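There are 2 protein chains.
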Amino acid sequence: MDYQKVSEPIISELRSILGDSGVVTDPEKMEAYSHDEVPETRWRHLPEVVVKPENTCQVAQVMKLANREKVPVTPRGAGTGLAAGAVPFLGGIVLSLEKMNRIIEVDRQNLVMVVEPGVTTGDVQKCARDHGYLYAGDPCSADSSFIGGNIATNAGGNKAVKYGCTSKHVNGLEVVLPSGEVTTLGGKCVKDVTGYDLLHLIVGSEGTLGIATRIYLKLLPRPRFNAVLMVPFSELSEAIDLVPRLMTQGGIVPTSIEFMDQTCIRSAERFLDRQLPHNTAGAHLIIELDSSTETQLLEEMEQVSGLCGVHGCQEVFVGDNPATQEKIWKPRRVLAESLRVTSPTYCMEDIVVPVSHIPGIVKEINRIADQQGIVIACFGHAGDGNIHATLLKGDLPDDVWEERKGKALDLIYSEVYARGGNLSGEHGIGAKRKEALSKYLDPVKMKTMKAIKLALDPNLVLNPGKIFDVRKEV
Amino acid sequence: MDYQKVSEPIISELRSILGDSGVVTDPEKMEAYSHDEVPETRWRHLPEVVVKPENTCQVAQVMKLANREKVPVTPRGAGTGLAAGAVPFLGGIVLSLEKMNRIIEVDRQNLVMVVEPGVTTGDVQKCARDHGYLYAGDPCSADSSFIGGNIATNAGGNKAVKYGCTSKHVNGLEVVLPSGEVTTLGGKCVKDVTGYDLLHLIVGSEGTLGIATRIYLKLLPRPRFNAVLMVPFSELSEAIDLVPRLMTQGGIVPTSIEFMDQTCIRSAERFLDRQLPHNTAGAHLIIELDSSTETQLLEEMEQVSGLCGVHGCQEVFVGDNPATQEKIWKPRRVLAESLRVTSPTYCMEDIVVPVSHIPGIVKEINRIADQQGIVIACFGHAGDGNIHATLLKGDLPDDVWEERKGKALDLIYSEVYARGGNLSGEHGIGAKRKEALSKYLDPVKMKTMKAIKLALDPNLVLNPGKIFDVRKEV
Numbered sequence: 168m169d170y171q172k173v174s175e176p177i178i179s180e181l182r183s184i185l186g187d188s189g190v191v192t193d194p195e196k197m198e199a200y201s202h203d204e205v206p207e208t209r210w211r212h213l214p215e216v217v218v219k220p221e222n223t224c225q226v227a228q229v230m231k232l233a234n235r236e237k238v239p240v241t242p243r244g245a246g247t248g249l250a251a252g253a254v255p256f257l258g259g260i261v262l263s264l265e266k267m268n269r270i271i272e273v274d275r276q277n278l279v280m281v282v283e284p285g286v287t288t289g290d291v292q293k294c295a296r297d298h299g300y301l302y303a304g305d306p307c308s309a310d311s312s313f314i315g316g317n318i319a320t321n322a323g324g325n326k327a328v329k330y331g332c333t334s335k336h337v338n339g340l341e342v343v344l345p346s347g348e349v350t351t352l353g354g355k356c357v358k359d360v361t362g363y364d365l366l367h368l369i370v371g372s373e374g375t376l377g378i379a380t381r382i383y384l385k386l387l388p389r390p391r392f393n394a395v396l397m398v399p400f401s402e403l404s405e406a407i408d409l410v411p412r413l414m415t416q417g418g419i420v421p422t423s424i425e426f427m428d429q430t431c432i433r434s435a436e437r438f439l440d441r442q443l444p445h446n447t448a449g450a451h452l453i454i455e456l457d458s459s460t461e462t463q464l465l466e467e468m469e470q471v472s473g474l475c476g477v478h479g480c481q482e483v484f485v486g487d488n489p490a491t492q493e494k495i496w497k498p499r500r501v502l503a504e505s506l507r508v509t510s511p512t513y514c515m516e517d518i519v520v521p522v523s524h525i526p527g528i529v530k531e532i533n534r535i536a537d538q539q540g541i542v543i544a545c546f547g548h549a550g551d552g553n554i555h556a557t558l559l560k561g562d563l564p565d566d567v568w569e570e571r572k573g574k575a576l577d578l579i580y581s582e583v584y585a586r587g588g589n590l591s592g593e594h595g596i597g598a599k600r601k602e603a604l605s606k607y608l609d610p611v612k613m614k615t616m617k618a619i620k621l622a623l624d625p626n627l628v629l630n631p632g633k634i635f636d637v638r639k640e641v
Numbered sequence: 168m169d170y171q172k173v174s175e176p177i178i179s180e181l182r183s184i185l186g187d188s189g190v191v192t193d194p195e196k197m198e199a200y201s202h203d204e205v206p207e208t209r210w211r212h213l214p215e216v217v218v219k220p221e222n223t224c225q226v227a228q229v230m231k232l233a234n235r236e237k238v239p240v241t242p243r244g245a246g247t248g249l250a251a252g253a254v255p256f257l258g259g260i261v262l263s264l265e266k267m268n269r270i271i272e273v274d275r276q277n278l279v280m281v282v283e284p285g286v287t288t289g290d291v292q293k294c295a296r297d298h299g300y301l302y303a304g305d306p307c308s309a310d311s312s313f314i315g316g317n318i319a320t321n322a323g324g325n326k327a328v329k330y331g332c333t334s335k336h337v338n339g340l341e342v343v344l345p346s347g348e349v350t351t352l353g354g355k356c357v358k359d360v361t362g363y364d365l366l367h368l369i370v371g372s373e374g375t376l377g378i379a380t381r382i383y384l385k386l387l388p389r390p391r392f393n394a395v396l397m398v399p400f401s402e403l404s405e406a407i408d409l410v411p412r413l414m415t416q417g418g419i420v421p422t423s424i425e426f427m428d429q430t431c432i433r434s435a436e437r438f439l440d441r442q443l444p445h446n447t448a449g450a451h452l453i454i455e456l457d458s459s460t461e462t463q464l465l466e467e468m469e470q471v472s473g474l475c476g477v478h479g480c481q482e483v484f485v486g487d488n489p490a491t492q493e494k495i496w497k498p499r500r501v502l503a504e505s506l507r508v509t510s511p512t513y514c515m516e517d518i519v520v521p522v523s524h525i526p527g528i529v530k531e532i533n534r535i536a537d538q539q540g541i542v543i544a545c546f547g548h549a550g551d552g553n554i555h556a557t558l559l560k561g562d563l564p565d566d567v568w569e570e571r572k573g574k575a576l577d578l579i580y581s582e583v584y585a586r587g588g589n590l591s592g593e594h595g596i597g598a599k600r601k602e603a604l605s606k607y608l609d610p611v612k613m614k615t616m617k618a619i620k621l622a623l624d625p626n627l628v629l630n631p632g633k634i635f636d637v638r639k640e641v
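Residue numbers (the numbering used here), protein chains in the order written: chain S, 168 to 641; chain D, 168 to 641.
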């Protein structure tokens with residue numbers, strides 16, 4: 168694909184669409200738009216221009232222009248992504264949704280909130296709470312991530328065990344297509360089989376098939392009671408073995424089941440500068456429960472505690488008020504940041520396996536870590552089989568790190584696929600896992616994805632080079 | 168598109184793939200494959216041949232042959248569809264999944280059931296129940312419909328208010344694509360953002376993008392307690408007004424909220440040959456609640472009864488055991504059949520609106536019925552805004568019926584779209600609503616769907632002429 172450079176006439180046209188304040192060409196000001204939260208410098212690239220539309224019409228006009236001139240457009244939320252999905256590796260236009268940040272409507276009759284893509288997930292959650300509802304999407308980056316970015320990556324997070332990932336909470340999208348045409352998929356209806364489910368094709372497509380400019384989110388009645396349990400286990404394997412049994416033996420669907428291993432416990436301790444209880448434990452589980460009645464909550468807590476006891480836990484700490492709950496959640500929330508301090512160069516993975524395979528895959532990752540002589544911290548969303556195995560460079564020389572990391576990842580991915588798992592549970596493929604995807608994904612699925620991309624974006628102008636590479640001839 | 172006829176050499180090749188017992192050419196035996204449950208004769212067409220594969224490999228071989236020879240293939244489940252989606256209007260091959268009817272696995276560790284497409288939904292439900300779980304898909308045709316057909320239409324049903332339509336219960340699909348290639352989308356992982364969500368693109372695509380040959384269904388812990396309430400209202404509008412308030416004011420998500428109007432109550436009475444309680448009521452609501460604890464169930468029942476009282480209901484009948492529950496559900500379950508007896512020629516619609524618009528649209532439908540001089544019975548899934556407005560021919564002469572039906576439908580659809588609604592909530596477009604879809608659907612969405620169809624099925628051999636008409640040149 169031959170792309171055009173962003174020429175002076177194109178800049179002029181962009182200015183006429185967006186006004187001067189909506190067009191940024193100063194390299195210093197564009198630096199912030201050259202990366203997401205993947206730390207390594209190879210995952211950075213400056214755009215030729217950053218545009219900041221304020222409404223759908225402007226987004227559509229930019230896309231029409233880009234499609235006509237064959238200039239790549241990389242849509243961008245808050246830049247909290249973990250797969251270099253919003254990095255403009257081919258230059259061109261970065262289209263930042265930061266100015267489209269209005270909450271348009273809270274529709275109490277239909278339990279739908281209508282927002283623009285640049286609202287932070289935290290503000291969506293707060294607005295729902297203020298109106299007495301629950302918005303159940305809850306990625307760890309909620310305070311800073313944009314809801315539009317959550318849509319693009321189908322973000323998961325802490326409540327996905329019970330409530331599912333972002334796609335479950337999206338009822339409708341207004342979308343600007345690569346052609347610059349605008350359509351609305353879904354809306355306020357609860358059910359719809361009027362043609363193909365294009366809505367869920369756009370969600371999770373990492374900004375390669377369309378740009379969401381208006382988002383219809385589902386609200387739920389807010390559960391009135393919740394509790395957070397922290398359960399230390401002397402062995403990681405005991406903790407992990409318990410996870411599938413909570414749901415199958417207990418018949419309980421917790422809101423969250425998170426785990427962190429010994430390396431993570433120590434890392435969080437250092438970062439928070441306080442001693443955690445049972446800090447010599449092989450692993451901590453955090454289990455959150457919620458319910459609309461107190462009796463049900465108490466019954467479930469009792470059942471969970473009972474199962475924990477049977478599976479060898481040492482003690483169950485209960486957080487039954489916001490202060491104690493925050494104390495339990497805090498080490499988990501700061502984990503990614505604390506690992507970054509422990510080792511500024513690291514590689515956070517996002518593998519997912521069927522829940523029953525969690526014990527096996529975590530054991531295998533530890534074996535690979537020992538074998539390759541590399542530290543791999545394991546934490547993540549145990550309840551849905553999503554493990555953020557995080558490879559830490561520590562003091563390793565650059566070349567040794569690169570070599571060991573490459574070998575370890577290859578071994579981990581092979582084990583994941585052997586267990587019916589996948590590369591990414593919630594962070595996406597972006598640019599970072601593109602090469603791995605081409606190696607591990609079923610070629611028929613890959614071919615089908617490429618055919619859809621070409622059908623919707625024949626000029627390959629919308630976020631090209633993400634998820635896969637495709638040529639017009641394919 | 169120029170299709171080939173099914174020639175003798177093609178029949179021979181089909182026999183070599185499927186054996187003699189897997190190939191039917193006798194017109195008498197093929198008659199059953201010429202229609203679904205849409206009553207009017209214009210929605211019937213004989214295939215040239217019916218094939219009955221027994222495994223994925225045979226399905227793939229048939230598709231490869233059809234794709235090579237440009238012969239249309241119409242996949243077929245149990246033929247319980249309501250949109251003529253499985254009728255082979257262009258002749259060619261009907262591919263019946265009836266022999267692929269094995270339950271392959273109940274995976275207790277991952278809460279997944281793996282089945283072939285020809286298992287009836289009722290058998291899926293029963294198998295889940297026998298293992299202590301809930302399969303939450305529950306279309307009204309469950310006893311006879313195939314789970315593969317549920318996937319194709321993204322079937323809704325009685326439990327969709329709380330648990331969602333079929334797509335929410337599908338975790339993975341093995342799919343034979345129009346090319347005859349086979350791929351598996353999803354599987355036993357709970358989360359997955361490894362590339363586009365092709366799984367949910369296939370679900371609800373009415374057999375136009377792929378044939379599901381193996382299905383991974385989610386199982387849920389089975390709620391231990393449930394109750395069914397029957398609530399008569401003197402005015403339909405009172406009943407309907409209550410619906411959005413149950414969820415918003417009550418904070419309750421019932422399993423079902425069904426309604427039937429006066430015409431339906433009388434029709435069910437005649438069919439069952441017994442008097443229903445409050446048979447002069449303007450409408451009956453059926454509300455089902457389920458819970459994992461008895462106390463929560465009782466609390467919710469009290470809340471619902473309270474709200475019903477405030478909104479003018481006359482009395483609340485409670486079904487708290489299987490016998491009384493069946494008594495309440497029976498009139499609703501026989502409704503479609505009873506209307507068929509009342510008027511052998513009828514037209515059952517499947518419109519869907521945002522829940523808050525139910526009162527308005529039902530009032531409008533009644534007004535249109537009066538104005539056009541036609542009987543329209545209204546019933547359906549009030550909890551998710553899905554109304555089966557059913558136009559009854561009764562004694563009208565054929566030409567008058569056709570004219571009034573056409574006018575009434577046009578008026579109804581216009582009102583539905585004016586309220587942010589859609590043509591179909593759970594039955595699909597098939598052939599029956601194709602013309603209406605082309606009139607009411609956003610042209611950009613239509614164009615996008617056609618582009619995807621052409622990308623995946625460039626020879627247009629898989630269930631052509633359903634949902635929309637498309638030519639290669641588009």
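Using N, Cα and C, we set each Cβ at its ideal position, and we do this for glycine too.
Since this is a predicted model, take the numbers as computed values, not measurements.
Residue i, DSSP secondary structure in three states
i: H555/S; result: coil
i: A618/S; result: helix
i: T462/S; result: helix
Residue i versus residue j - alpha carbon distance
i: L621/D; j: C514/D; result: 31 Å
i: E175/D; j: L627/D; result: 22 Å
i: R412/S; j: V273/S; result: 38 Å
i: V641/D; j: K614/D; result: Note that V641/D has pLDDT 44, beneath the 50 cutoff, so the model's placement of it is unreliable and the number below is only indicative. Cα to Cα, the separation comes out at about 8 Å.
i: Y200/D; j: P421/D; result: 38 Å
i: E157/D; j: I518/D; result: Nothing can be reported for residue 157/D, as the shown portion of chain D is limited to 168 through 641.
i: V191/S; j: L185/S; result: 11 Å
i: P242/D; j: V343/D; result: 11 Å
i: A490/D; j: L578/D; result: 42 Å
i: K293/S; j: L387/S; result: 13 Å
Where residue i falls, given that 16 or more other Cβ within 10 Å makes a residue buried
i: V349/D; result: buried
i: E461/S; result: exposed
i: L249/D; result: buried
i: C224/D; result: exposed
i: V291/S; result: buried
i: L181/S; result: buried
i: Q228/D; result: buried
i: K385/S; result: buried
i: R391/S; result: exposed
i: K633/D; result: buried
*asked:* Across the stretch 425-442 of chain D and the stretch 494-506 of chain D, are there enough close Cβ pairs to call them in contact, namely three or more that are closer than 8 Å?
replied: Contact holds: three or more Cβ-Cβ distances are below 8 Å.
*Is the stretch 388-406 of chain S in contact with the stretch 358-373 of chain S, if contact means three or more CB pairs nearer than 8 Å?*
With the cut-off at 8 Å, the stretch 388-406 of chain S and the stretch 358-373 of chain S do not touch.
*Check distances from the C-beta atoms of the stretch 546-557 of chain S to those of chain D and list, in chain order, the residues that come in under 7 Å.*
Hits within the stretch, in order: D551, G552, N553.
*Interface positions of the stretch 232-249 of chain D facing chain S (Cβ-Cβ less than 9 Å), listed along the chain*: none
*asked:* Does the structure place the stretch 580-593 of chain S close enough to the stretch 451-469 of chain S that three or more beta carbon pairs sit under 8 Å?
replied: In short, these stretches do not touch, since the Cβ pair count stays below three.
*When you check each C-beta in the stretch 256-283 of chain S against every C-beta of chain D, which residues fall closer than 7 Å?*
R275, Q276, N277, L278
_Members of the stretch 338-365 of chain D that neighbour chain S once the beta carbon cut-off is set at 8 Å_ = L344, E348, V349, T350, T351, L352, G354, K355, C356, V357, K358, D359, V360, T361, G362, Y363, D364, L365
*Mind checking the stretch 203-235 of chain S against chain D and listing, in chain order, the residues whose C-beta falls within less than 8 Å of any C-beta there?*
none
*Indicate whether the contact test is met: 3 or more Cβ pairs, each with one atom in the stretch 313-323 of chain S and one in the stretch 593-600 of chain S, closer than 8 Å.*
yes
*At a cut of 8 Å, does the stretch 239-259 of chain D reach the stretch 201-216 of chain D through at least three beta carbon pairs?*
yes
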